[in-house]
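Protein chains in written order, with our numbering: chain P, 1175 to 1667; chain L, 220 to 476.
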Amino acid sequence: MNNIAFNVALPLLTAFLLPIISSGSKSATRFVGPFVLLAMLWFALAYFNVLQHPVAIALGGFLPPLGISFHLDNLSLLMAALIPLMMLLLWPYNNREGFREESLLLLLAGAASGLALSGDLFNIYVFYELLSVASFGLAAANRTAAAFAATFRYVIISGLGTVLALTGIALIYTQTGTLNLAHIGLLASQLNNPVGLSAFALIVIGIGVKAEIFPVNGWVPEVYSTASPRISALLAGLISKLAVLVIIRLLVVAYQGSQALTLLLVLGMLGIIWGELSAWHSKDLKRMFSFSSIGQLGMVLVAFSIPGDAGMAAGIAMMLHHLVVKPGMFLLTENWNGPIKKLKGAATSSPLAAFLFMLFALSMIGVPPLPGFWAKLLLVTGLVEANAPLYIIALVVLLTATVIEAHYLMSTALKIFSRGKKKHFKKLLQTPFNLTIATIFGAVLLAALFTLTPLGNKLNQIATESSDRSLYIKTTLSLKLPPQVKQQVSKVQ
Amino acid sequence: MRNISALVFASGLAFLLLVITWQFILGGAPMLIGEAILQQAAEELGAANLVTSVVLGYRGIDTLGEIAILFTASTATSLVLSSIAEKTSAKSKPGLRDDGTILASSASLFFPLLMTIGLYIILHGHLTPGGGFQGGVILAAAFFLPLLAVPGRGVNHSGLALVEGFAGASFIVIGIIALFQGKAFLQPLFGHGEMGSLLSAGSLPLLYIAVGLKVGAELSGLLANLAEPSGNGDETLSATESASTEQTSMQAEKTKS
């Protein structure tokens, strides 16, 4: 199990060496990245297959809570496998300009794997910062003036976010005296006070910059509409989910009280309202997708705010669904730039792209029997069963948002399928690569449709496992506590 | 509207932080991990500087993350700057001022002194305060000082990239060697030695040398990168100018919609 450290070490090692490799051989530069990603995928899948129960590994051989530990369970290994998989799909295979973008992508992969696996709050912060800096570079990789302006705003908001998150982590440290997540969970009773709760709020807002959470998502529409579609797909599809993963780990392990859940619920609802209404207003396809991404992540947050296994299952289902659908949609925007009005007749020049748009849109609205419907159904039943006034309000917000979503997506579809001049879209035939990748995302969505039962079973298993607080704590701390800490822990209790 | 919401957010944050500070019991914070590390670090790692045993031992992977962040920042910066450099390279460079013999020769005089101090701090990182990050910054200053004194003096970028790449790689390779020996990633190797002597604390000094060289090479490369296109400031200005006009047009569109 120790070998899972390769998932962090290998991409970083390759990124460090890439400048040297590229001065030696240009073709090696192009192949080494995908090769490393394949190796990462192999490690993650190998452990995913043999994992019977969650395992913790101590990095550097120092037992947690003194050292840093990685927590391996179904959820973290699933994310660790999805990272290289998405990167392989969205890799710039036709980039001949140099090694820098590849280097940044590998650093992003290493940071994301660390974020998915780590069980230590400060270690999570370090990888989050690495993830942020790598994504700044990628957002500006287009090197247009608009991309620079958007990235600048992104840097400022992210900088604010990391400072807030660090303040939150420091507050948790002053209250508990430890940084290991499992150890914090053991001492969770000391966080049930105004200082502990505001620490949680600060971390949610801080990490929430990447998760597109309500007050700190001003960068989203600008960055996604100026970066290349591959990068937007990566940031919206994968990176936002990792930030959400950190928040729910903290929620499950340390904040079981209702205040933390209410905070997530309210932020989620505000995200839904703001995102969907802005998407409804927007005149540009990329901006529309960006705003709808904010709305969708609001729904994910609402799902995780439902207590117990039901919320966890609904949240993970919404997360995975968004992870497949949104990158597919962003890849379609490659040739559908500009205002939505100009999309007239797009279907006649590229029926496949139009079909894929329809598929993704219907699944996102939640039309049965597409996978999006089942994910939203889990969310709706969860909200109904939670049976509290605030959750009923959330239900109303969710259903209204679905209607708005259906309206703007379908009116766009109407434009695409209406008759129009063909000549605008000739370019589409020349760059079919992104369309091929979008087709793969569509195929995955359809494949999920035919394997709903096994997927549902696995989802329930993952949800039960990852919402089990005592299992998480036991897994890490059963590595044997150092005697001094054990003594102090018993003194505190 | 935007100013008002920013003001509300900032004052809310300030209020929250004030309330939190009010709640603190100063000096009463629990030190679970801190005390445990103080008690056993010297015995477990054999480093006289306890901070080093935390930075490279207990939290070694954090340090790996930190050097990766610096590397990422410099890669991203050179990605952004390369577009400006490409545009300006066609133009002839404007004549550079000569700032005089005193400045130039004192910069050369400082070079060996700074190198010695930087390397000393790196090599004694496991014994005395300081270490790879601090020493690395001094190394970078040693390389950057001559560049400030005599603008236009070239920097050997490929040499820096070589040092940077191999230093970063050796940090990770030391970690992977432990993995192949059946230990955990980044577990210290080769025993403790006698505490307080130069050859002690296992592989920690090696890790610090890697960190120091990487930080030094990276910072000097980054600073040189920033210094180089500055001779042709008008081009940089026009890029930012067009960026800002584009943003205002974007805002105009937003207000329209």
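By construction, the Cβ of each residue, glycine as well, lies at the ideal position given by its N, Cα and C atoms.
All figures in this text were calculated on a predicted structure; none of them were measured in a lab.
Requested in this report: Could you check what DSSP says for phenylalanine 1296 of chain P in three-state terms: helix, strand or coil?
Outcome: In the first sequence, counting from the first residue as 1, residue 1296 of chain P sits at position 122. Of the three classes helix, strand and coil, the one that applies to phenylalanine 1296 of chain P here is helix, per DSSP.
Requested in this report: Over the uninterrupted alpha helix (DSSP H) stretch that includes histidine 1357 of chain P, give me the two end residues.
Outcome: Position 183 of the first sequence holds residue 1357 of chain P. Start and end: 1355-1360.
Query raised in the report: In chain order, what residues of the same chain have a beta carbon less than 6 Å from the beta carbon of valine 1493 of chain P, not counting five sequence neighbours either side?
Result: Within the first sequence, residue 1493 of chain P is the residue found at index 319, counting from 1. Correcting the residue type first, residue 1493 of chain P is methionine in the shown sequence and not valine. Lys1415, Val1474, listed in sequence order.
Query raised in the report: Are glycine 412 of chain L and glycine 319 of chain L close, meaning C-beta to C-beta below 9 Å?
Result: Sequence index remark: in the second sequence, residue 412 of chain L carries index 193 (1-based). Sequence index remark: in the second sequence, residue 319 of chain L carries index 100 (1-based). The Cβ atoms of glycine 412 of chain L and glycine 319 of chain L do not sit closer than 9 Å to each other.
Query - Inter-residue CB distance, leucine 1338 of chain P and alanine 1189 of chain P (contact presumed, cutoff 8 Å) - result: Here the question's residue 1338 of chain P lines up with position 164 in the first sequence. Here the question's residue 1189 of chain P lines up with position 15 in the first sequence. Wrong, their Cβ atoms sit about 28 Å apart, outside the cutoff.
Report task. Check whether the Cβ of glycine 1241 of chain P lies closer than 9 Å to any Cβ atom in chain L. Result -> Within the first sequence, residue 1241 of chain P is the residue found at index 67, counting from 1. So, interface residue.
Query raised in the report: In chain P, what lies closer than 9 Å to glycine 279 of chain L by C-beta?
Result: Counting from 1 along the second sequence, the entry for residue 279 of chain L is found at position 60. Per Cβ cutoff of 9 Å: Leu1233, Gly1234, Phe1236, Gly1241, Ile1242.
Query raised in the report: Under three-state DSSP, which class holds phenylalanine 1244 of chain P?
Result: Taking the first residue of the first sequence as position 1, residue 1244 of chain P is located at position 70. Of the three classes helix, strand and coil, the one that applies to phenylalanine 1244 of chain P here is strand, per DSSP.
Query - Interfacial residues, the segment 1307-1331 of chain P to chain L, with Cβ spacing under 7 Å - result: Val1307, Ala1308, Phe1310, Gly1311, Ala1314, Ala1315, Arg1317, Ala1319, Ala1320, Phe1322, Ala1323
Requested in this report: Below 6 Å CB to CB, which residues in the same chain sit around aspartate 1483 of chain P once its five sequence neighbours on both sides are set aside?
Outcome: Taking the first residue of the first sequence as 1, we reach residue 1483 of chain P at position 309. Excluding residues within five positions, the ones whose Cβ falls inside 6 Å are Ala1637, Thr1638, Ser1641.
Requested in this report: Run the CB neighbour count on leucine 328 of chain L, radius 10 Å, all protein chains shown included, and call it buried at 16 or more, exposed below.
Outcome: If you number the second sequence from 1, residue 328 of chain L lands on position 109. Exposed: under 16 other Cβ atoms inside 10 Å.
Query raised in the report: Residues in its own chain within less than 8 Å of isoleucine 1567 of chain P by CB, not counting five upstream and five downstream?
Result: For the purposes of this step, residue 1567 of chain P is taken as residue 393 along the first sequence, with counting starting at 1. Counting only Cβ-Cβ distances below 8 Å, and skipping sequence neighbours, we find Met1443.
**Report entry** Minimum C-alpha distance to valine 238 of chain L - residue among P:Lys1516, P:Leu1371, P:Met1503
**Finding:** Against the second sequence, residue 238 of chain L aligns to sequence position 19. Residue P:Leu1371 is the option with its Cα nearest to valine 238 of chain L.
Query raised in the report: For arginine 1745 of chain P and chain L, any beta-carbon pair shorter than 9 Å?
Result: The structure shown has nothing for residue 1745 of chain P, since chain P only spans 1175 to 1667.
Query raised in the report: Quick one: what's alanine 1232 of chain P bridged to in DSSP?
Result: What you label residue 1232 of chain P is simply residue 58 of the first sequence in a count that begins at 1. DSSP output for alanine 1232 of chain P lists P:Ser1243 as bridge partner(s).
Query - Contact under 9 Å by Cβ, glycine 1284 of chain P with glycine 279 of chain L - result: To locate residue 1284 of chain P, count along the first sequence from 1; it is residue 110. To locate residue 279 of chain L, count along the second sequence from 1; it is residue 60. By the CB criterion at 9 Å, glycine 1284 of chain P and glycine 279 of chain L fall outside the cutoff.
Requested in this report: Starting from the C-beta of alanine 1587 of chain P, find all residues in its chain whose C-beta is less than 7 Å away, skip the five residues before and the five after it, and write them out in chain order.
Outcome: Along the first sequence, read from residue 1 onward, the residue named residue 1587 of chain P stands at position 413. Taken in chain order, the residues that qualify are Phe1531, Met1532, Ala1535.
Query raised in the report: Does the distance from the CB of alanine 1491 of chain P to the CB of glycine 1469 of chain P come in under 9 Å?
Result: Within the first sequence, the letter at position 317 stands for residue 1491 of chain P. Within the first sequence, the letter at position 295 stands for residue 1469 of chain P. Not closer than 9 Å, so no.
Query raised in the report: Along the chain, where does the alpha helix (DSSP H) that runs through methionine 1538 of chain P open and close?
Result: Within the first sequence, the letter at position 364 stands for residue 1538 of chain P. Counting along the chain, the alpha helix (DSSP H) containing methionine 1538 of chain P begins and ends at 1525-1539.
Query raised in the report: Does the distance from the CB of glycine 1380 of chain P to the CB of glycine 1335 of chain P come in under 9 Å?
Result: Residue mapping note: residue 1380 of chain P aligns to position 206 of the first sequence, counting from 1. Residue mapping note: residue 1335 of chain P aligns to position 161 of the first sequence, counting from 1. Yes, the Cβ-Cβ distance between glycine 1380 of chain P and glycine 1335 of chain P is below 9 Å.
Query raised in the report: Rounded to whole angstroms, how far is the Cβ of isoleucine 1178 of chain P from the Cβ of phenylalanine 1236 of chain P, which I believe are closer than 8 Å?
Result: Locating residue 1178 of chain P in the first sequence gives position 4, counting from the first residue. Locating residue 1236 of chain P in the first sequence gives position 62, counting from the first residue. With a contact defined as Cβ atoms closer than 8 Å, isoleucine 1178 of chain P and phenylalanine 1236 of chain P miss out at about 17 Å.
Requested in this report: Determine whether the Cβ of lysine 310 of chain L lies closer than 9 Å to any Cβ atom of chain P.
Outcome: One-based indexing of the second sequence puts residue 310 of chain L at position 91. Because lysine 310 of chain L carries a pLDDT of 45, less than 50, the predicted location of this residue cannot be relied on, and no value is offered for it.
Query raised in the report: Is the segment 1499-1509 of chain P in contact with the segment 1395-1409 of chain P, if contact means three or more CB pairs nearer than 8 Å?
Result: yes
Query raised in the report: Which residue from P:Leu1279, P:Met1584, P:Leu1553 puts its Cα closest to that of leucine 1569 of chain P?
Result: For the purposes of this step, residue 1569 of chain P is taken as the residue at position 395 of the first sequence. Shortest Cα-Cα distance from leucine 1569 of chain P to any of P:Leu1279, P:Met1584, P:Leu1553 involves P:Leu1553.
**Report entry** Closer than 9 Å to chain L by CB, alanine 1356 of chain P
**Finding:** Translated into positions along the first sequence, residue 1356 of chain P becomes position 182. Chain L places no beta carbon closer than 9 Å to that of alanine 1356 of chain P, leaving this residue out of the contacts.
Requested in this report: Have a look at alanine 361 of chain L and serine 1250 of chain P and give me their C-alpha separation to the nearest angstrom.
Outcome: Here the question's residue 361 of chain L lines up with position 142 in the second sequence. Here the question's residue 1250 of chain P lines up with position 76 in the first sequence. Straight-line Cα distance between these residues: approximately 44 Å.
Report task. Name, please, each residue of chain C whose Cβ falls closer than 7 Å to the Cβ of threonine 294 of chain L. Result -> The structure shown contains no chain C; its protein chains are P and L.
Query - DSSP three-state assignment for aspartate 1458 of chain P, whether helix, strand or coil - result: Sequence index remark: in the first sequence, residue 1458 of chain P carries index 284 (1-based). Looking at aspartate 1458 of chain P - three-state DSSP - the assignment turns out to be strand.
Query raised in the report: Going along the chain, which residues of the segment 375-401 of chain L sit with their C-beta nearer than 9 Å to a C-beta in chain P?
Result: Listed in sequence order: Ser377, Ala380, Leu381, Glu383, Gly384, Phe385, Ala386, Gly387, Ala388, Phe390, Ile391, Val392, Gly394, Ile395, Ala397, Leu398, Gly401.
Report task. Taking leucine 1441 of chain P and isoleucine 1377 of chain P to be in contact with their CB atoms under 8 Å, please state how far apart those CB atoms are, rounded to whole angstroms. Result -> Counting from 1 along the first sequence, the entry for residue 1441 of chain P is found at position 267. Counting from 1 along the first sequence, the entry for residue 1377 of chain P is found at position 203. Under the criterion of beta carbons closer than 8 Å, leucine 1441 of chain P and isoleucine 1377 of chain P do not qualify as touching, at roughly 12 Å.
Requested in this report: Go to histidine 343 of chain L, then tell me how far its alpha helix (DSSP H) extends in each direction, as first and last residue.
Outcome: Counted from its first residue, the second sequence places residue 343 of chain L at position 124. Element bounds for histidine 343 of chain L: n/a, residue is neither H nor E.
Query raised in the report: Should phenylalanine 234 of chain L be labelled buried (16 or more other beta-carbon atoms within 10 Å of its own) or exposed?
Result: Locating residue 234 of chain L in the second sequence gives position 15, where the first residue counts as 1. That one is exposed.
**Report entry** Contacts that glycine 1351 of chain P makes with chain L (C-beta to C-beta distance below 9 Å)
**Finding:** Counting from 1 along the first sequence, the entry for residue 1351 of chain P is found at position 177. Those are Ala248, Pro249, Met250, Leu251, Ile252, Gly253, Glu254, listed as they occur along chain L.
Report task. Pull out every residue of the segment 1292-1308 of chain P whose Cβ sits closer than 7 Å to any Cβ of chain L, in chain order. Result -> Phe1296, Asn1297, Val1300, Phe1301, Glu1303, Leu1304, Val1307, Ala1308
Report task. List the residues of chain P that threonine 291 of chain L touches, going by C-beta distances under 7 Å, in chain order. Result -> Taking the second sequence and counting its residues from 1, the one referred to as residue 291 of chain L is at position 72. Going along chain P in sequence order, the residues near threonine 291 of chain L (Cβ under 7 Å) are Leu1278, Leu1281, Leu1304, Val1307, Ala1308, Gly1311.
Query raised in the report: Among P:Leu1609, P:Gly1540, P:Ala1560, which residue has its Cα nearest to the Cα of proline 1525 of chain P?
Result: As a working note, residue 1525 of chain P is residue 351 in the first sequence. Closest by alpha carbon: P:Leu1609.
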